[in-house]
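Each residue of the sequence shown is one higher than the one before, counting from 1 in the working numbering. Encoded as structure tokens, the structure appears first; notes follow it.
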Amino acid sequence: MILTPDILYDREEIDFCYPTVRQWQSDVERVGLLPLIGFAGTRGKSTVLRLVESVLQSLRFQIATWTDLGVQIDGRHQRAELAGWGRAMGRLAEGSIDICLQELDWAAVNVAGLPEQMYPVTVHTGLTNEISSNSTRTLIGLDGTYKLAAATNLGGILVANADDYLSTEILAESSATLILVSQSLESPFIRQHLDDGGSGAWVENGYIWIGAKSGAQRFGHVREYPITFSGEADFNVKNLLLALGMLHAIGVDLPSIQRSFRRFRAAWDILPASMNMYEYHDARAVIDQLAPAWILKDVLKVLNPGAERRQITVVGDLGWIEADEVYEVGRALGRYRGAIVVHGDQEEERINNFKRGLASNPYPPLLSSLPTERRAINRAFKALRPNDVLIILTTRESAAAHRAVQRHIATLS
Numbered sequence: 001m002i003l004t005p006d007i008l009y010d011r012e013e014i015d016f017c018y019p020t021v022r023q024w025q026s027d028v029e030r031v032g033l034l035p036l037i038g039f040a041g042t043r044g045k046s047t048v049l050r051l052v053e054s055v056l057q058s059l060r061f062q063i064a065t066w067t068d069l070g071v072q073i074d075g076r077h078q079r080a081e082l083a084g085w086g087r088a089m090g091r092l093a094e095g096s097i098d099i100c101l102q103e104l105d106w107a108a109v110n111v112a113g114l115p116e117q118m119y120p121v122t123v124h125t126g127l128t129n130e131i132s133s134n135s136t137r138t139l140i141g142l143d144g145t146y147k148l149a150a151a152t153n154l155g156g157i158l159v160a161n162a163d164d165y166l167s168t169e170i171l172a173e174s175s176a177t178l179i180l181v182s183q184s185l186e187s188p189f190i191r192q193h194l195d196d197g198g199s200g201a202w203v204e205n206g207y208i209w210i211g212a213k214s215g216a217q218r219f220g221h222v223r224e225y226p227i228t229f230s231g232e233a234d235f236n237v238k239n240l241l242l243a244l245g246m247l248h249a250i251g252v253d254l255p256s257i258q259r260s261f262r263r264f265r266a267a268w269d270i271l272p273a274s275m276n277m278y279e280y281h282d283a284r285a286v287i288d289q290l291a292p293a294w295i296l297k298d299v300l301k302v303l304n305p306g307a308e309r310r311q312i313t314v315v316g317d318l319g320w321i322e323a324d325e326v327y328e329v330g331r332a333l334g335r336y337r338g339a340i341v342v343h344g345d346q347e348e349e350r351i352n353n354f355k356r357g358l359a360s361n362p363y364p365p366l367l368s369s370l371p372t373e374r375r376a377i378n379r380a381f382k383a384l385r386p387n388d389v390l391i392i393l394t395t396r397e398s399a400a401a402h403r404a405v406q407r408h409i410a411t412l413s
């Protein structure tokens with residue numbers, strides 16, 4: 001069945017939002033759907049999901065999540081993902097869980113597909129800011145975007161990143177109510193959307209606004225929310241806007257959202273390798289994930305603005321990224337003075353391309369190699385001086401890196 005919300009909604013004047021979350025739940029269940037929210041996109045979906053989760057939990061909703069960390073039901077980790085998610089959906093149907101939040105990976109979406117019109121709400125964080133729209137990653141994301149649009153109930157809500165033109169053009173064709181977010185009111189998609197009577201969230205002169213063009217509400221300055229790194233982390237400003245737009249649409253009051261967002265941190269137990277930061281005196285140690293250069297450049301700009309600090313970078317398995325991306329990763333890291341320590345058994349061609357990328361800079365950092373991550377981190381801490389920044393780029397799991405950093409900081413304190 002198609003979800004048709006029983007709310008006053010004049011597309012020319014009135015902001016689209018449910019009066020309360022309970023009203024949204026009631027409307028969803030009335031048409032035979034479940035309060036299930038899907039999060040998809042090439043980058044940022046875990047962060048958006050965790051922001052949403054933090055707000056709903058602060059309001060005492062019972063939540064189940066399925067992320068790349070596995071399935072959790074009301075905060076309890078489930079051993080087997082498929083069985084755990086089955087239990088979560090069963091409890092959602094019986095009412096002992098209020099809302100389920102599901103992270104949707106493009107590879108799984110494209111292989112297994114998604115049931116049509118199953119999701120009353122979906123969030124699409126965007127595809128890519130790469131120059132080429134024909135890259136393998138982008139094409140996989142485009143296929144997934146069509147599937148996500150079809151999986152969103154025709155009377156449901158679809159929240160999307162208006163600054164990602166490729167996905168927005170597809171999602172705008174959906175019959176679901178579209179909520180667009182943008183980091184600038186000058187974005188053509190958000191301007192047209194608001195002019196047509198749509199709702200969204202955007203940034204204007206550093207302030208966040210939410211609602212329709214007429215009567216939009218100010219949500220505060222981007223610098224108020226720690227996850228934005230004083231507004232410097234554009235990608236997290238986008239993530240915050242997406243979470244805000246979705247929560248507002250399903251009926252969460254803005255003061256509750258503000259309180260949770262102001263407290264939210266990218267803790268490693270919920271967002272591992274997502275700019276997890278440790279401070280030691282004047283030095284900074286950060287754990288993130290090895291990624292293509294178009295992602296890595298944004299992270300480096302936030303962690304070491306203007307390359308003012310000496311930087312020590314620990315780099316994991318270069319096989320984690322595509323072979324044709326290795327040179328650009330080396331080139332990006334080579335712009336920062338200091339040292340780089342790679343570890344593990346690196347494929348010869350990849351490490352050579354990485355070195356060529358480093359050498360393309362006028363003053364590349366020193367490069368060394370060690371067999372294990374632990375030894376690489378030990379070497380990095382021995383070289384760490386006041387005002388330095390240490391960046392550990394992990395692959396796969398990051399728990400060992402966190403333990404190593406915590407151990408060193410405890411020893412040095």
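We treat Cβ as the ideally placed atom computed from N, Cα and C, and that holds for glycine.
Is Gln346 helix, strand or coil by DSSP? Looking up residue 346 in the sequence shown gives position 346. Looking at Gln346 - three-state DSSP - the assignment turns out to be coil, as it is neither helix nor strand.
Taking 6 Å as the cut-off, is the CB of Asp105 close to at least one heavy atom of the ligand COA? Looking for the ligand COA in the displayed structure turns up nothing, as the structure carries no ligands at all.
State the CB to CB distance for the pair Gly414 and Ile312, rounded to an integer number of angstroms; the pair is presumed to be in contact (CB under 8 Å). Residue 414 lies beyond the stretch modelled for the chain, which goes from 1 to 413, so this question has no answer here.
Give the DSSP-derived three-state secondary structure of Asn205 in the structure shown. Taking the sequence shown and counting its residues from 1, the one referred to as residue 205 is at position 205. Reduced to three states, the DSSP call for Asn205 is coil.
Which class does Asp324 belong to by DSSP, given the choice of helix, strand or coil? Taking the sequence shown and counting its residues from 1, the one referred to as residue 324 is at position 324. Three-state DSSP puts Asp324 in a helix.
Give every residue of the same chain whose Cβ lies closer than 6 Å to the Cβ of Ala401, excluding the five residues on either side of it in the sequence, and list them in chain order. One-based indexing of the sequence shown puts residue 401 at position 401. For Ala401, the CB contacts under 6 Å within the same chain, skipping 5 residues up- and downstream, are Ile287, Ile392 and Thr394 in chain order.
Which parts of the region 283-316 are runs of the alpha helix (DSSP H), unbroken and 4 residues or longer, counting only runs that do not cross its ends? The region 283-316 contains, as complete alpha helix (DSSP H) runs of 4+ residues, the segments 293-303 (chain order).
Which of the three DSSP states, helix, strand or coil, is assigned to Arg76? The residue labelled residue 76 in the question sits at position 76 within the sequence shown. Arg76: strand per DSSP, three-state reduction.
Quick check: the Cα distance between Ser283 and Arg310, rounded to an integer number of angstroms? Taking the sequence shown and counting its residues from 1, the one referred to as residue 283 is at position 283. Taking the sequence shown and counting its residues from 1, the one referred to as residue 310 is at position 310. Reading off the sequence, residue 283 comes out as Ala, not Ser. For Ala283 and Arg310, the distance between alpha carbons rounds to 10 Å.
Integer Cβ distance of Gly251 from Pro19, believed to fall under 8 Å: Taking the sequence shown and counting its residues from 1, one reaches residue 251 at position 251. Taking the sequence shown and counting its residues from 1, one reaches residue 19 at position 19. Contact holds; Cβ gap of about 6 Å.
Jot down the residue ranges of each uninterrupted beta strand (DSSP E) in the region 169-207, minimum 3 residues, whole runs only, in chain order. 177-182 and 199-204
List the endpoints of the continuous beta strand (DSSP E) containing Phe434. Nothing about residue 434 can be read from this structure; the chain reaches only from 1 to 413.
With a Cβ-Cβ cutoff of 7 Å, do Asp98 and Phe61 count as a contact? Residue 98 sits at position 98 when you count from the first residue of the sequence shown. Residue 61 sits at position 61 when you count from the first residue of the sequence shown. In contact: Asp98 and Phe61 (Cβ atoms closer than 7 Å).
Please classify Glu232: does DSSP put it in a helix, a strand, or coil? Taking the first residue of the sequence shown as 1, we reach residue 232 at position 232. Three-state result, Glu232: coil.
Leaving aside the five residues before and after Ala151 along the sequence, list all residues of the same chain whose C-beta is less than 8 Å from its C-beta, in chain order. The residue labelled residue 151 in the question sits at position 151 within the sequence shown. Counting only Cβ-Cβ distances below 8 Å, and skipping sequence neighbours, we find Gly38, Leu114, Pro115, Glu116, Gln117, Met118, Tyr119 and Thr122.
Within the same chain, show all residues whose beta-carbon is closer than 7 Å to that of Ser199, passing over the 5 residues directly before and after it, in chain order. What you label residue 199 is simply residue 199 of the sequence shown in a count that begins at 1. Only Asp15, Phe16, Ile179, Gly211 and Ala212 meet the Cβ criterion.
Just reading off the beta strand (DSSP E) that Thr122 is part of, what are its end residues? As a working note, residue 122 is residue 122 in the sequence shown. It spans Tyr119 to His124 - the beta strand (DSSP E) in which Thr122 sits, taken as one unbroken run.
What's the gap between the Cα of Ala249 and the Cα of Pro386? Indexing the sequence shown from 1 puts residue 249 at position 249. Indexing the sequence shown from 1 puts residue 386 at position 386. If you take the alpha carbons of Ala249 and Pro386, they lie about 46 Å apart.
In terms of alpha-carbon separation, which member of Glu103, His408 and Ala233 lies closest to Glu279? Counted from its first residue, the sequence shown places residue 279 at position 279. Of Glu103, His408 and Ala233, the residue nearest in Cα terms is His408.
Can you tell me whether Pro371 is buried or exposed? The criterion is at least 16 other CB atoms within 10 Å of its CB, across all chains shown. Numbered from its first residue, the sequence shown carries residue 371 at position 371. With fewer than 16 Cβ atoms within 10 Å of its Cβ, Pro371 is classed as exposed.
Continuous beta strand (DSSP E) assignments of at least 3 residues falling wholly in the region 248-288: 276-280
By alpha-carbon positions, which one of His193, Gly215 and Arg262 ends up nearest to His221? Reading the sequence shown from its first residue, position 221 is the one you call residue 221. Across the set His193, Gly215 and Arg262, the C-alpha of Arg262 shows the shortest separation from the C-alpha of His221.
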